[in-house]
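Asker: With the first letter of the sequence shown counted as 1, position 295 gets the number 1466 in the working numbering; the numbers rise by one all the way through. Virtual Cβ for every residue (Gly too), placed ideally from N, Cα, C. Since we're looking at a predicted model, the values are computed, not measured.
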Amino acid sequence: MKRLIEIVGALLFLFIATFVGLYFGNHYLEKKGIELVDRPLHYDFVLKNGTIVDGTGKGRYKADIGLKKGKVAFIGIIQPPADVKVIDASGLLILPGFVNLYSRLDGTADGSTAFDGLVKQGYTTTLSGYGALAQEDVTKHLEQAARSGLPINYAVLAGHQGLFNLLKDQQEKSEKMVEEPALEYGQVPPPPKTAEQPKPNVDDLLQELSTSLEQGAFGLTIDFDDQLGRQLTFEEMTKLAKALQEKGAVLALTLPPASANPDVLLQRVISLHKETKVRTLLSPWGYFGNASDERLTAMEQDLRGAYMSTKEIYTCLYPSTRQSAGVKQTLQRAMAHYPAEQIEILEVGGENPKTLVGKTLAEIAQERSLTPDGAAKELTSAGLVQVTIRSSNQERIQRLASDPFVALTVDSGQGNGSEYSTDAVKDFLGRFVKGQNLFSWEETAMKLAARPCAILGIEDRGSIKTGNWADLVVIDPALLSPTSQVKKSGIRHVFVNGAMVYSQGKMPSEGQGKGQLLRFKSKPLMPEPIQEPQTTPVPSTDDEEEE
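(1) Which class does Q1292 belong to by DSSP, given the choice of helix, strand or coil?
(2) Is it buried or exposed for D1235, if we count other Cβ within 10 angstroms and need 16 for buried?
(3) How would you label P1623, buried or exposed, when you count the other beta carbons within 10 angstroms and need 16 or more for buried?
(4) The beta strand (DSSP E) spanning M1408 covers which residue range?
(5) F1610 by DSSP, collapsed to three states: which one?
(6) Thinking just about the alpha-carbon of each residue, which of V1528, Q1438, G1669, G1520 is nearest to the one in A1477?
(7) Just to confirm my understanding: we take A1511, look at its own chain, exclude 5 residues before and 5 after, and list those with CB closer than 7 Å. What are they?
(8) Could you give the distance in angstroms between the alpha-carbon of D1513 and the alpha-carbon of I1560?
(9) For L1651, collect the residues of the same chain with a Cβ closer than 7 Å to its Cβ; drop the 5 residues on either side in sequence, then sort them by chain order.
(10) Rounded to the nearest angstrom, what separates Q1494 and A1553 at their Cα positions?
(11) Go through its chain and collect everything with a Cβ distance to Q1386's Cβ below 6 Å, but skip five positions before and after it.
(12) I believe L1488 touches A1572 by the beta-carbon criterion, under 8 Å. Please report the beta-carbon distance rounded to the nearest angstrom.
(13) Quick one: Cα of K1685 to Cα of A1181, how far?
(14) Return the CA-CA distance between V1255 and L1689, expressed in angstroms with no decimal places.
(15) CA-CA distance, D1394 and A1253?
(16) L1571 CB to nearest chain C CB: under 8 Å?
(17) At what residues does the alpha helix (DSSP H) containing R1275 begin and finish?
(18) Could you tell me which whole alpha helix (DSSP H) segments of length 4 or greater appear in the region 1452–1488?
(19) Is the region 1435–1455 touching the region 1406–1424 in the sense that three or more CB pairs, one from each, lie closer than 8 Å?
(20) Give the DSSP-derived three-state secondary structure of S1299 in the structure shown.
(21) Nearest-angstrom Cα distance between I1265 and R1475?
(22) When you compare each of A1641, L1517, L1377 to E1417 by their alpha carbons, which one comes out closest?
(23) Whole angstroms is fine: what's the gap from T1409's alpha carbon to H1312's?
(24) With V1327 and S1299 assumed to form a contact (beta carbons below 8 Å), what rounded beta-carbon distance in angstroms separates them?
(25) Could you check if R1275 is buried or exposed, using at least 16 other CB atoms within 10 Å of its CB as the buried criterion?
(26) On a Cα-Cα basis, can you pick out the residue from P1679, E1566, T1295 that is closest to Q1607?
(27) Less than 8 Å separating the beta-carbons of T1295 and G1268?
(28) So, helix, strand or coil for G1400, using DSSP?
(29) Buried or exposed: Q1472, going by 16 or more other Cβ atoms within 10 Å of its Cβ?
(30) Out of V1556, H1508, E1465, H1331, which one is the CA nearest neighbour of G1529?
(31) Considering only residues of the same chain and omitting the five flanking positions on each side of A1388, which have a CB-CB separation below 8 Å?
(32) DSSP on E1630, reduced to helix/strand/coil?
(33) How many angstroms separate the CA atom of L1411 from the CA atom of K1233?
(34) Taking the alpha-carbon of L1467 as reference, which of T1404, P1433, L1550 has the nearest alpha-carbon?
(35) Nearest to V1440 by CA position, among Y1485, L1380, A1546, is which residue?
(36) Between T1222 and L1263, is the Cβ-Cβ spacing less than 8 Å?
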């Protein structure tokens, strides 16, 4: 009898210990976002009564959205438990998070706060890497970016400068110091003379490109305004483009902001695209913003014809009054081609450089009561000055944004200038979508989200559907204005992977670091989303989902 009591007691103790362990253990796991038992009605967030523009081209419709474990768990009519966070989206539009196809921000060097300017505009994913990565190795770059705690999904392109890093040892061996004559006391020695950088071997570049793609780069970017970019011949470009096409990767080309004959280079790019069928992404605002109307029409026709024949060539357009005409360049070079009103300072030496960054040369000259030439001399006396070019031709932005080959994006600035171009999306949404009704919200969602994801081959983002990652932007159309003078942008909430990273003008601390690193996977590129007849689907309910 005593033995039986001991056995029953031991079993009872084991049952109680197991129950307590499961209860508190499950509670701990739930805090960490892990559930042992799936509860259909238990969501991390519920967006109630919103109007969904899902990014597929279909008509908008009203429904609730349940977010769970970073993804869209359910779309329909939801009656959530009392402990679920609910956002009243009545009168608001819910769009897929915007995807930025052109960014010079560096996820390892600029820090997480540098990306806040993108998040505040509704961007949930950005493509970076125009030029050289912070490291020669894409894997190391992404690992360091992961430690930065980015609030936005981060993807990279391999820069041609990064590929050329493999020649570093050859270059160091080829650099020979030229012996100079003896100097007298007080005489300043001349700068050392070095040999020119060696011409890269295309087979080495192909191998390095293949490695970069395997490590997660979505493609290759080449800057034709850079010395290294100009070294590549058409034959070498063709070999690189074919290698990208075989993997389903992207070739991004930055065209020079000024060219003696831009039509020739553009035709060569189109010929390259037609010959290789590589998905091509151009950044040619310098051409479009400064070309004559006649030349602009011709370039539009060429690009439209190439797009209609392949659906694989796109151009990036910054839909803002504050356009950037290509990559940064020196102040001296810019002054040879552009008026002082268009030359905007990106980087400058001397004291208090932050007070000058973002201003035009004309504004600085006026502040200092100098001529533009005089202001330029003062700036350059402190060292090298890097600038970009502004343009504010609204008619051209309106005209080009409606072209089918245009993918809308925003230049997020250089370095820590996260405030740069922060009115881009506000201008576009307020001026062209709400104010002039030139674009429907359905078209806007496709241009800002679905099309960029299709270009990059990202399948689980860019549209709002069950199972996709919950990258969402919630917009209040009533707060949008056709002028950039109104401070409120209409962007109410932004979700990245189901976490609220921006809400009513604030960046919640619990939402930071929720961005994911997106790695390229070799596969055929996704087809472009198709504009379908607008219909109004009947939303389902949670009960139907459980059945």
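Answerer: Let me lay it out:
(1) coil
(2) buried
(3) buried
(4) Careful: M1408 lies outside any beta strand (DSSP E), inside the alpha helix (DSSP H) at 1405–1418.
(5) Coil at F1610, not helix or strand.
(6) The option with the nearest alpha carbon to A1477 is Q1438.
(7) Excluding the 5 residues flanking it on each side, A1511 has same chain C-beta neighbours closer than 7 Å at T1531, L1532, A1533, A1536, P1543, in chain order.
(8) Here residue 1513 turns out to be Gln, not Asp, going by the sequence shown. Near 5 Å, if we compare the C-alpha coordinates of I1560 and Q1513.
(9) L1600, G1601, K1605, G1661
(10) The predicted model places Q1494 with a pLDDT of 47, which falls under 50 and marks its position as unreliable, so this point remains unresolved.
(11) V1309, T1310
(12) 6 Å
(13) 46 Å
(14) Cα atoms of V1255 and L1689: separation of roughly 29 Å, rounded to the nearest angstrom.
(15) 54 Å
(16) No chain C appears in this structure, which consists of one protein chain only.
(17) That residue, R1275, is in no alpha helix (DSSP H); it is neither H nor E in DSSP.
(18) 1456–1461, 1464–1481
(19) yes
(20) Of the three classes helix, strand and coil, the one that applies to S1299 here is strand, per DSSP.
(21) If you take the alpha carbons of I1265 and R1475, they lie about 31 Å apart.
(22) The option with the nearest alpha carbon to E1417 is L1377.
(23) 27 Å
(24) In this structure V1327 is in contact with S1299, their Cβ atoms being roughly 5 Å apart against a cut-off of 8 Å.
(25) buried
(26) E1566
(27) yes
(28) helix
(29) Its Cβ having fewer than 16 others within 10 Å, Q1472 is exposed.
(30) V1556
(31) G1300, V1309, V1327, L1328, A1329, A1420, F1691
(32) coil
(33) 47 Å
(34) P1433
(35) Y1485
(36) Going by C-beta atoms, T1222 is nearer than 8 Å to L1263.
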